[in-house]
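For reference, the structure is listed below as structure tokens.
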Amino acid sequence: GQQLNQSPQSMFIQEGEDVSMNCTSSSIFNTWLWYKQDPGEGPVLLIALYKAGELTSNGRLTAQFGITRKDSFLNISASIPSDVGIYFCAGQMNYGGSQGNLIFGKGTKLSVKP
Amino acid sequence: GAGVSQSPRYKVAKRGQDVALRCDPISGHVSLFWYQQALGQGPEFLTYFQNEAQLDKSGLPSDRFFAERPEGSVSTLKIQRTQQEDSAVYLCASGEGFHQPQHFGDGTRLSIL
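Quick note, the sequences are listed as chains A and B, same order. Our numbering numbers the first residue of the first sequence as 1 and each following residue consecutively. Our numbering numbers the first residue of the second sequence as 115 and each following residue consecutively.
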């Protein structure tokens, strides 16, 4: 099935560092969402974006909906150990017969630097 | 809290057996989605319900997969004659309405031997 291009695939963080990841698509989306998934758990919604150009923050997290509606990025500032996990972007369209199902990226795995 | 609840959390079945996976959405949520997540991948859409109506089943991989939500609340995903490639985590998500944010359960990890 279709998946978004999410990068980087994995990265190591040191406490206090800022982290950035992004997602691109060949399709236009009306909504972009960012989820975090910990091992053995379901994805947890972090941020939802509804308008092209929108910049939204949730604590140390900031995400933007790209102007072209084909991309989004997520920044985490001043990372802490509990930020480790897998981050997924997801796009949602409300045209062309779509019923609102999400199309996900492959995820960005955040680990602590050894 | 009253989040999305899925059961069982783990299911092991022999190839050829039928399995049934249950999803209890957040109370009052109209939309319900099923996704399949293979190891190391993002979730992939299977099917969508609005109340009791199954409006989209385009993501179901074969006719061995069947989902229902008869009273517009609890949903069951059934897989008949399971095969090894059905091994995955099956996630359920619910939302307040059309294009509202989806909230996920912790999934059922299905292993087919």
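Yeah, the Cβ is synthetic: ideal placement off N, Cα and C, and Gly gets one too. Since we're looking at a predicted model, the values are computed, not measured.
Residue environment analysis places B:Glu158 among the buried positions, since at least 16 neighbouring C-beta atoms fall within 10 angstroms of its C-beta. Per DSSP, B:Val144 is not a residue of any beta strand (DSSP E), being assigned neither H nor E. Pairwise C-beta distances place the segment 53-65 of chain A out of contact with the segment 102-109 of chain A, as fewer than three of them are shorter than 8 Å. Scanning B:Pro139, B:Trp148 and B:Val203 for the CA closest to the CA of B:Ser119 turns up B:Pro139.
Nearest neighbour of A:Tyr50 by Cα position, chosen from A:Gln92, A:Gly40 and A:Gly42, turns out to be A:Gln92. Chain order gives the chain A residues near B:Gly156 as Gln3, Phe88, Phe104, Gly105, Lys106 and Gly107, where near means a beta carbon separation below 7 Å.
Secondary structure of B:Gln198 (DSSP, three-state): helix. Short of 7 Å from the beta carbon of B:Leu174, and not among the five residues preceding or following it, lie these beta carbons of its own chain, in chain order: Leu160 and Thr161.
Counting along the chain, the unbroken beta strand (DSSP E) around B:Arg136 starts and ends at Val133 to Asp138. At the C-beta level, B:Pro215 and A:Leu55 stay beyond 8 Å of one another. In summary, the residues of the segment 156-171 of chain B whose CB is separated from some CB of chain A by less than 7 Å are Gly156, Pro157, Glu158, Phe159, Tyr162, Leu169 and Asp170, in the order they occur in the chain. Scanning its chain for C-beta atoms nearer than 6 Å, with the 5 sequence neighbours on each side dropped, one finds around A:Ile86 the residues Gln37, Gly107 and Lys109, in chain order. DSSP places A:Asp71 in the strand class (E or B) of the three-state scheme.
A distance of 8 Å or more separates the beta carbons of B:Arg178 and B:Gln155.
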